[in-house]
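Below is one structure, written out as structure tokens; the observations come after it.
Numbering (my numbering), first residue to last: 513 to 738.
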């Protein structure tokens, strides 16, 4: 599914963000990527969604070599990889349904398809009754659910959750992690980037630990070791 082969990423003038990273993430896995700030987690995600290109090495996603992906192909790649951020990135003047639909509109989907898909993904995240509300009328956990729904509209094979619970209390955190596990059980590969030790340790799933841009630990059923 995802291969990082001998990946280096250097930023000018002389910052080595990733140092000889080798990873293989199989279809359907749930993987936590952990490490202190500045250890390369964000750079890893940027390379995966082709926001950055590696200085050295090769990246394969679903059999597709994206190492030097042309700009015109990046939107196609990003429909296969859903991304959820810490700060939700919702449009405040659009309703829940409109926020989710917008991701399909910018991809040029028909109204018929949009009207079919939006209720489906809202049901997955448990917000089918709140489609006409605006973001400010929702709790933080509900706003993150909208963000997750939006990331699912293209039925991505991979979902990257970058600190998705960073702004949430413990109850909402648990609900979001449970939702990510549900999505994983439906067949989507999940990459969870997090600082939350309790979440990682409770999952008892694969944990990849980065330090100084290198993989220092890769445990099949791991814990947050730092």
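Ideal Cβ placement from N, Cα and C applies to all residues, glycine included.
In this structure, how does DSSP classify residue i when only helix, strand and coil are distinguished?
| i | result |
| --- | --- |
| residue 729 | strand |
| residue 650 | coil |
| residue 671 | strand |
| residue 684 | helix |
| residue 529 | strand |
| residue 640 | coil |
| residue 611 | helix |
| residue 621 | coil |
| residue 535 | strand |
| residue 627 | helix |
| residue 573 | strand |
| residue 568 | strand |
| residue 663 | helix |
| residue 645 | coil |
| residue 679 | coil |
Taking 8 Å as the threshold (C-beta atoms), are residue j and residue i in contact?
| i | j | result |
| --- | --- | --- |
| residue 738 | residue 583 | no |
| residue 650 | residue 643 | no |
| residue 656 | residue 600 | yes |
| residue 485 | residue 538 | For residue 485 there is no data in the structure shown, the boundaries of the chain being 513 and 738. |
| residue 734 | residue 718 | yes |
| residue 574 | residue 699 | no |
| residue 557 | residue 674 | yes |
| residue 598 | residue 676 | yes |
| residue 620 | residue 663 | no |
| residue 727 | residue 720 | yes |
| residue 661 | residue 637 | yes |
| residue 531 | residue 725 | yes |
Residue i lies in the alpha helix (DSSP H); which residues open and close that run?
| i | result |
| --- | --- |
| residue 556 | 553-560 |
| residue 711 | 709-715 |
Taking C-alpha atoms, which residue in the options lies nearest to residue i?
| i | options | result |
| --- | --- | --- |
| residue 569 | 681, 561, 551, 534 | 534 |
| residue 697 | 711, 669, 706 | 669 |
| residue 587 | 632, 562, 628, 678 | 562 |
| residue 680 | 693, 641, 652, 701 | 652 |
| residue 604 | 693, 647, 532, 684 | 647 |
| residue 640 | 608, 622, 617 | 608 |
| residue 559 | 514, 682, 596 | 514 |
| residue 525 | 627, 532, 567 | 567 |
| residue 732 | 523, 542, 519, 581 | 542 |
Since I believe residue j is in contact with residue i (beta carbons under 8 Å), could you give me their beta-carbon distance rounded to a whole number of angstroms?
| i | j | result |
| --- | --- | --- |
| residue 659 | residue 602 | 7 Å |
| residue 564 | residue 555 | 7 Å |
| residue 529 | residue 517 | Contact doesn't hold; Cβ gap of about 17 Å is too wide. |
| residue 612 | residue 672 | Contact flag wrong, Cβ pair sits at about 18 Å. |
| residue 544 | residue 691 | Going by Cβ atoms, the distance from residue 544 to residue 691 rounds to 15 Å, so no, they are not a contact pair. |
| residue 629 | residue 617 | Rounded, the Cβ-Cβ distance is 11 Å, inconsistent with contact. |
Could you pull the start and end residues of the beta strand (DSSP E) that residue i belongs to?
| i | result |
| --- | --- |
| residue 522 | 514-523 |
| residue 597 | From DSSP, residue 597 is part of no beta strand (DSSP E); its letter is neither H nor E. |
| residue 544 | 542-546 |
| residue 723 | 718-723 |
| residue 705 | 701-705 |
Would you say residue i lies against chain D (beta-carbon separation less than 8 Å)?
| i | result |
| --- | --- |
| residue 566 | You won't find chain D in this structure, because it holds only one protein chain. |
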